[in-house]
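Right, one structure below, let's go through it.
Protein chains in written order, with the numbering used here: chain X, 1 to 138; chain C, 1001 to 1138.
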């Protein structure tokens, strides 16, 4: 009987250890991925604000497709202050005006974590225009 | 000769008048459309911040589809201050946490003017999640 209890305790312990090992905070693991935005040369910037800059997307999904990227590598909008997010949308508006898509129309998209479609864990916003954007938005 | 000049001036004047009449700022006309967001009862609010509130979209495009709407009827993000935009994204984050889609992922979409897909000219942001969001975003 005593050995049965020992085995049970040992088994429960193993289950607990396995569960801990199998569930590292998934967000943390995602955040350790490569960050190609850190390699962008300043010469490629289209515009900037104190804490963000704008560059063309390398895989454009519309005639105008610009990324507004935080200068500090915050992983997602969840870690960003309201001030930074407001400043980045302000820059997105300036980019839309500069690219001539403000009047006809444009879409701003912010993807967070895998189901949102985020691929680079360095805060960025997509500014898309120059064609009719469809609905739903992906 | 004098009458030729008069005719020229009159013709130029007419052209100018025609151009003015034919090109009212299209944005201004759009902004005069109906605003169903003003009729939303406070009981339907899921959450609020000082200058914005959140409600479910009546035509959901995902299991979770919430709108973050400005309390003051600003027509588009182009007329909004960075402070208001930051506050609204802050509320969008809170909504994502509350609806349980922050960890798996979600998408925030802001449509501006017709080519962006804006249908109601009262500033709002879409918060979408609960399924895999596709790319491109419409």
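Idealized CB from N, CA, C, for every residue including glycine.
Here the structure is a predicted model, which means the values were calculated and not measured.
| said: Using a 10 Å radius around the Cβ and a threshold of 16 neighbouring Cβ atoms, would you call residue 44 of chain X buried or exposed? | reply: It counts as exposed.
| request: Could you give the DSSP three-state label for residue 1065 of chain C: helix, strand or coil? | output: If DSSP states are grouped into helix, strand and coil, residue 1065 of chain C belongs with the strands.
| field | Interface partners of residue 83 of chain X on chain D, CB under 9 Å | value | Within the model displayed, chain D is absent; protein chains X and C are what it includes.
| query | Where does the unbroken beta strand (DSSP E) through residue 1125 of chain C begin, and where does it stop? | reply | The continuous beta strand (DSSP E) containing residue 1125 of chain C extends over residues 1124–1129.
| field | Among C/1113, C/1109, C/1121, nearest to residue 1134 of chain C - alpha-carbon criterion | value | It is C/1109.
| query | Going by alpha carbons, who is nearest to residue 58 of chain X out of X/67, X/105, X/30? | reply | Measuring from the Cα of residue 58 of chain X, the nearest candidate turns out to be X/67.
| query | Where do the N-terminal and C-terminal ends of the beta strand (DSSP E) with residue 1109 of chain C fall, by residue? | reply | For residue 1109 of chain C, the enclosing beta strand (DSSP E) covers residues 1106–1112.
| field | Under 9 Å by beta carbon: chain X residues contacting residue 1100 of chain C | value | Here the premise fails: no neighbours, minimum Cβ distance about 12 Å.
| query | Among the residues of its own chain, which have a CB less than 6 Å from the CB of residue 1122 of chain C, if the five just before and after it don't count? | reply | These residues qualify, in order along the chain: 1035, 1037, 1073.
| Whole-angstrom distance between residue 1126 of chain C and residue 81 of chain X, CA atom to CA atom | For residue 81 of chain X and residue 1126 of chain C, the distance between alpha carbons rounds to 19 Å.
| request: Taking only beta-carbon positions, decide if residue 1037 of chain C is within less than 8 Å of chain X. | output: Not closer than 8 Å to any Cβ of chain X, the Cβ of residue 1037 of chain C fails to qualify, so no.
| query | Exposed or buried, which one is residue 1042 of chain C when buried takes at least 16 other CB atoms within 10 Å? | reply | Counting Cβ neighbours within 10 Å, residue 1042 of chain C comes out exposed, since fewer than 16 surround it.
| message | I'd like the span of the alpha helix (DSSP H) that includes residue 48 of chain X, first residue to last. | response | Taken as a continuous stretch (DSSP letters only), residue 48 of chain X belongs to no alpha helix (DSSP H), being part of the beta strand (DSSP E) at 47–49.
| query | Under three-state DSSP, which class holds residue 1095 of chain C? | reply | Three-state DSSP puts residue 1095 of chain C in a helix.
| message | So that I know if they touch, is there some Cβ in chain X lying closer than 8 Å to that of residue 1104 of chain C? | response | At a cut-off of 8 Å between beta carbons, residue 1104 of chain C contacts chain X.
| Distance, residue 1030 of chain C Cα to residue 1024 of chain C Cα | Summary for residue 1024 of chain C: the model assigns pLDDT 47, below 50, so the residue's position carries little reliability; its value from the coordinates is reported in the next sentence. Within the model, the alpha-carbon separation for residue 1024 of chain C versus residue 1030 of chain C is close to 11 Å.
| task | Note down, in chain order, each residue of its chain lying with its Cβ closer than 6 Å to the Cβ of residue 75 of chain X, except the 5 sequence neighbours on either side. | result | Excluding residues within five positions, the ones whose Cβ falls inside 6 Å are 31, 121.
| task | Using a Cβ cut-off of 8 Å (strictly closer), state whether residue 1052 of chain C contacts chain X. | result | Residue 1052 of chain C has a beta carbon lying at 8 Å or more from every beta carbon in chain X.
| said: Taking only three categories from DSSP, how would you classify residue 102 of chain X? | reply: The answer is coil: DSSP assigns residue 102 of chain X none of H, G, I, E or B.
| said: If I measure Cβ to Cβ from residue 1096 of chain C and keep anything under 7 Å in the same chain, skipping five residues before and after, which residues do I get? | reply: Sequence-distant partners of residue 1096 of chain C (beyond 5 residues in either direction) whose C-beta falls short of 7 Å from its own C-beta, in its chain, are 1102, 1106, 1127, 1129.
| Candidates C/1088, C/1083, C/1079, C/1062: which alpha carbon is nearest residue 1028 of chain C's? | Minimum Cα distance to residue 1028 of chain C is reached at C/1079.
| field | When X/104, X/114, X/77 are compared against residue 69 of chain X, the one with the closest alpha-carbon | value | Of the candidates X/104, X/114, X/77, the one whose C-alpha sits nearest the C-alpha of residue 69 of chain X is X/77.
| task | For residue 1072 of chain C, return the contacting residues in chain X, with the cut-off set at a CB-CB distance below 7 Å. | result | Under the 7 Å cutoff, chain X gives no residues; its nearest Cβ is about 16 Å from residue 1072 of chain C.
| said: Helix, strand or coil for residue 1027 of chain C? Go by DSSP, reduced to three states. | reply: Residue state, collapsed to three classes: helix.
| Residues that residue 53 of chain X bridges to, as DSSP identifies them | DSSP output for residue 53 of chain X lists X/48, X/69 as bridge partner(s).
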